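If you're matching them up, the sequences are chains A and B in order.
Under my numbering, the first sequence has 8 at position 8, and the numbering climbs by one with no breaks.
Quick note, my numbering runs 1000 ahead of the 1-based positions in the second sequence.
Reading through the structure tokens given below for one structure.
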Amino acid sequence: MSDLTWVAAGFTLVYGAIAAYTAILEVRRRHAARRAEEART
Amino acid sequence: MTATRRTRTLDLAALATLAAGVVFALLAPADRLQGDLQRLMYVHVPSAWLAFLAFGVTLVASVAWLRTRADRRDDLAVASAEVGVFFTGLALATGSLWGKPVWGVWWTWDPRLVTTALLFLVYLAYLGLRRGIADPQLRARRSAILGVVAFVQVPIVHLSVVWWRTLHQPPTVLKPGDPSMDHTMLAALVTNVVAFTLVYAALVRRRRDIAAAERSVEQAQLRDDAPLAGDAISAPANHVRIADV
């Protein structure tokens, strides 16, 4: 593999992981907020 | 400004700085020895620094919880620890990707790599410990103590390249004296560190909201399960003693 392919793989891994983790946290946050609201009522 | 709007503003700031960081990382000059491969530094080093920062915040929040017993401190400690584990995982993965073409191996038993892997595992255990204790006060106390003790590893990881002879290069920025790096490269690195710090803040904010919501569900369940006056002396109508069977 060329040097730039390794670099592209590294950048894709990092930014992909950040995007995926942000999306997972956002789903978990909405789910937890809904459960908290149900528990209050 | 509402909480949702603050989160959105933080997300946009993180996204814009990340984009600037990518541009700077690609425009910075190539390294004399490693060529373009050295550009992996612009994601590897910020990931490692953010792991240190995250575990530092967990330490401070844990100490604050031990002093005040405030739930918010515990929420921040767990939020920062989880995000710290995420960034430590990224540092290990990008280090492995960088190591393969430069050192010829994905992994080697080098002191920096081993201490970082231990750091990752200990904070993973911190998250596991929290899931294993049902009582909120006991959970907060035990994890606060672990949050303080586990931080001892951070200076060990940072200084491992100074204390032992390793394949990993010694510090080039966080060391006594001027950074041993070209100014353009340093500017690109600092931009990426700022970008990753904003990402860290956005992630911790979400994770802290989750911890707070889970706590309120837990408290509601504890209230529902609490015995009412008279519960202790009442018995089911169809009560059967084992001796009767």
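A virtual CB, placed ideally from N, CA and C, is assigned to each residue, including glycine.
If you're wondering where the values come from, they're calculated on a predicted model, not measured in any experiment.
Margin query: So that I know if they touch, is there some Cβ in chain A lying closer than 9 Å to that of B/Ala1025?
Written below: In the second sequence, residue 1025 of chain B corresponds to position 25, counting from 1. So, interface residue.
Check: Using the beta-carbon of each residue, which ones in chain A are nearer than 7 Å to B/Ile1145?
Finding: Taking the first residue of the second sequence as 1, we reach residue 1145 of chain B at position 145. Those within 7 Å of B/Ile1145 in chain A number zero; the least Cβ separation is about 26 Å.
Notebook entry, point to check: Applying a beta-carbon distance threshold of less than 9 Å, which residues of chain C neighbour B/Ile1210?
Noted result: Absent from the structure: chain C. Protein chains present are A and B.
Next item on the list: With DSSP collapsed to three states, give me the class of B/Gly1095.
Entry: Walking along the second sequence from the start, residue 1095 of chain B turns up at place 95. Residue state, collapsed to three classes: helix.
Check: Which residue from B/Ala1093, B/Ala1081, B/Phe1086, B/Ala1013 puts its Cα closest to that of B/Met1041?
Finding: Counted from its first residue, the second sequence places residue 1041 of chain B at position 41. With distances taken between Cα atoms, B/Met1041 lies closest to B/Ala1093.
Check: Is the CB of B/Phe1246 under 9 Å away from at least one CB in chain A?
Finding: Any property of residue 1246 of chain B remains undetermined from this structure, which presents chain B solely from 1001 to 1245.
Notebook entry, point to check: Where does B/Val1240 sit, in a helix, a strand or coil, going by DSSP?
Noted result: For the purposes of this step, residue 1240 of chain B is taken as residue 240 along the second sequence, with counting starting at 1. A caution first: B/Val1240 carries a pLDDT of 48, below 50, which makes its placement in the model too unreliable to give a value.
Item checked: Counted within 10 angstroms of its Cβ, other Cβ atoms place A/Trp6 as buried (16 or more) or exposed -> Walking along the first sequence from the start, residue 6 of chain A turns up at place 6. Flag for A/Trp6 reads buried.
Margin query: Run through chain A and tell me which residues come within less than 7 Å of B/Gly1035, C-beta to C-beta.
Written below: Translated into positions along the second sequence, residue 1035 of chain B becomes position 35. Here the neighbours are Asp3.
Notebook entry, point to check: Hey, would you say B/Ala1061 sits closer than 9 Å to B/Asp1071, going by beta carbons?
Noted result: As a position in the second sequence, residue 1061 of chain B is number 61, starting the count at 1. As a position in the second sequence, residue 1071 of chain B is number 71, starting the count at 1. No; because the gap between Cβ atoms is not below 9 Å, this pair is not in contact.
Note to self: Using the Cβ count rule (16 or more neighbours within 10 Å means buried), how would you classify B/Trp1049?
What the structure shows: What you label residue 1049 of chain B is simply residue 49 of the second sequence in a count that begins at 1. Looking at its Cβ environment, which holds 16 or more other Cβ atoms inside 10 Å, B/Trp1049 is buried.
Margin query: When you compare the CB of B/Gly1089 with every CB in chain A, is at least one pair closer than 9 Å?
Written below: Stepping through the second sequence from its first residue, residue 1089 of chain B is reached at position 89. Taking Cβ atoms only, chain A reaches closer than 9 Å to B/Gly1089, which makes this a yes.
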